[in-house]
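Structure first, commentary second.
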Amino acid sequence: MDPNASSRRFPSSNRLKGKVAIVTGGARGIGAATAELFAKNGAYVVIADILDELGTKLADSIGGRYIHCDVSKEKDVESAVQLALAWKGKLDIMFNNAGIGGPGGSISNLNMEDVRDLLSINLFGIIHGIKYASRAMIAGKNGGSIICSSSSAAIMGGLASHAYTASKNAILGLAKTTACELGVHGIRVNCISPHGVPSEMLMAAYRICLGRDDLTPEEVTQIVGERASLLRGRGGSMEDVAQAVLFLASDDSGFITAHNLVIDGGYTSACSHLSSIYTFSFQG
Numbered sequence: 001m002d003p004n005a006s007s008r009r010f011p012s013s014n015r016l017k018g019k020v021a022i023v024t025g026g027a028r029g030i031g032a033a034t035a036e037l038f039a040k041n042g043a044y045v046v047i048a049d050i051l052d053e054l055g056t057k058l059a060d061s062i063g064g065r066y067i068h069c070d071v072s073k074e075k076d077v078e079s080a081v082q083l084a085l086a087w088k089g090k091l092d093i094m095f096n097n098a099g100i101g102g103p104g105g106s107i108s109n110l111n112m113e114d115v116r117d118l119l120s121i122n123l124f125g126i127i128h129g130i131k132y133a134s135r136a137m138i139a140g141k142n143g144g145s146i147i148c149s150s151s152s153a154a155i156m157g158g159l160a161s162h163a164y165t166a167s168k169n170a171i172l173g174l175a176k177t178t179a180c181e182l183g184v185h186g187i188r189v190n191c192i193s194p195h196g197v198p199s200e201m202l203m204a205a206y207r208i209c210l211g212r213d214d215l216t217p218e219e220v221t222q223i224v225g226e227r228a229s230l231l232r233g234r235g236g237s238m239e240d241v242a243q244a245v246l247f248l249a250s251d252d253s254g255f256i257t258a259h260n261l262v263i264d265g266g267y268t269s270a271c272s273h274l275s276s277i278y279t280f281s282f283q284g
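Residue numbers for the sequence shown follow UniProt numbering, beginning at 1 and rising by one.
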């Protein structure tokens with residue numbers, strides 16, 4: 001199970017009572033936090049991941065189901081949707097969360113095979129998810145909510161590798177075009193763009209950047225809070241992202257589609273480095 005799960009304290013409610021959800025990449029990190037929160041809000045959750053042991057344990061703990069799913073393989077994603085339909089007869093929520101960090105380095109020396117591998121998961125995996133979730137939702141004739149994981153790297157340059165940034169930018173466009181098509185069926189398509197959340201992916205990057213294999217999630221949250229958030233001293237958490245996904249999955253956001261919900265403490269929207277200027281009085 002996700003090692004952070006025991007420290008999470010989500011209030012239970014019924015915002016998703018009776019709804020059926022799939023979470024790709026749901027065995028750990030943001031996906032696991034979201035799967036847990038969905039369940040605490042009354043949803044039946046299918047966890048789709050390649051981390052079989054973690055995914056099975058988490059699914060068992062929340063009364064859900066687990067399926068091995070490599071989102072780069074179209075058949076795997078189709079099977080995840082079929083599992084949800086066989087289990088509960090419908091699909092209401094699809095959280096396309098699975099992704100990888102992929103290759104870094106200069107654009108001049110980029111290994112295109114590595115780029116293709118990244119796009120097969122980060123972009124084509126999302127396409128597979130929307131394709132099969134929309135089929136099930138259209139057939140169910142009761143609408144639905146599809147949420148796709150993008151990133152702050154899609155909004156502000158220089159936050160991630162070229163390949164990763166390209167994939168996350170593409171997701172924003174895909175969500176808008178599919179929202180246009182699927183809206184007539186009552187299906188909403190939205191994105192989330194987290195920033196500075198101590199996922200396994202970000203932890204690995206920080207450990208390499210700082211040369212510290214022993215770096216903890218708490219330290220990364222502190223660094224982000226001090227240097228990459230307008231809410232000085234406040235970094236982002238898995239729970240912050242999970243709550244945002246819950247909002248987009250629930251009827252609370254019933255009139256929201258084709259939207260990108262940014263969870264970044266304001267970092268990509270404004271600069272606070274010159275905030276002291278507001279304390280001065282200027283006279284003409």
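C-beta atoms are modelled at their ideal positions from N, C-alpha and C, and glycine is treated no differently. Predicted model only: the values in this text are computed from it and were never measured.
With 16 other CB atoms within 10 Å as the buried threshold, where does residue i fall?
i	result
Arg188	buried
Ser237	buried
Lys168	buried
Leu210	exposed
Met137	buried
Met112	exposed
Glu181	exposed
Gly102	buried
Gly157	exposed
Asp92	buried
Ser13	exposed
Ser281	The predicted model places Ser281 with a pLDDT of 46, which falls under 50 and marks its position as unreliable; any figure quoted below should be read in that light. Exposed.
Among the residues of its own chain, which have a CB less than 7 Å from the CB of residue i, if the five just before and after it don't count?
i	result
Ala139	none
Ala153	Leu159, Ala160, Tyr164, Thr165 and Lys168
Ile155	Ser193, Val262 and Thr268
Taking the C-alpha atoms as reference points, what is the distance between residue i and residue j?
i	j	result
Ala80	Glu36	18 Å
Ser108	Ala86	48 Å
Ala270	Ile47	36 Å
Ser253	Val115	35 Å
Ile146	Phe124	15 Å
Gly104	Asp49	24 Å
Glu200	Lys176	28 Å
Asn260	Met203	24 Å
Ala258	Asn142	19 Å
Glu74	Thr56	21 Å
Ile223	Leu215	11 Å
Leu118	Gly173	18 Å
Gly129	Ser106	31 Å
Tyr44	Glu78	18 Å
Asp52	Arg227	36 Å
Ser235	Pro194	This sequence places Gly at residue 235; Ser is not what is there. Straight-line Cα distance between these residues: approximately 11 Å.
Asn190	Leu58	26 Å
Arg207	His185	45 Å
Ile30	Phe38	12 Å
Gln82	Val241	27 Å
Ala84	Gly183	22 Å
Asp213	Asp60	32 Å
Ile256	Ala205	33 Å
Leaving out the 5 sequence neighbours to the left and right, which residues in its chain are closer than 6 Å to residue i when beta-carbon positions are compared?
i	result
Pro198	Pro217, Val220 and Thr221
Asp76	Cys69 and Asp70
Gly233	Gly225
Arg15	Asn41 and Ser250
Ile126	Asn96, Cys148 and Ile171
Val20	Tyr44, Ala84, Lys88, Lys90, Leu91 and Asp92
Asn122	Gly99 and Ser167
Among the options, which one has its Cα closest to the Cα of residue i?
i	options	result
Ile192	Gly89, Ser150, Cys69 and Leu110	Ser150
Ile100	Thr178, Leu215, Ala166 and Asp92	Ala166
Lys88	Asn96, Arg65, Arg15 and Lys75	Arg65
Thr24	Phe38, Ala98 and Asn14	Ala98
Gly63	Asp92, Gly18 and Pro103	Gly18
Asn96	Gly186, Ile256 and Thr34	Thr34
Cys148	Ile208, Arg227, Met94 and Lys90	Met94
Gln243	Ile263, His185 and Ile126	Ile263
Thr178	His162, Tyr206, Gly144 and Asp213	Gly144
Ile67	Ile22, Phe38 and Gly186	Ile22
Gly196	Ala84, Glu239 and Ile256	Glu239
Leu110	Ile256, His162 and Phe255	His162
Ser229	Ile155, Ile256, Thr268 and Ala205	Thr268
Leaving out five residues before and five after residue i in sequence, what residues of the same chain have Cβ atoms less than 8 Å from its Cβ?
i	result
Ser120	Ser72
Leu231	Gly225, Gly265 and Gly266
Ile277	Because the pLDDT of Ile277 is 42, which lies under 50, any placement of that residue in the model is unreliable, and the question is left without a value.
Handout entry: Meets three-Cβ-pair contact criterion under 8 Å: the segment 244-258 and the segment 127-141
Key = no
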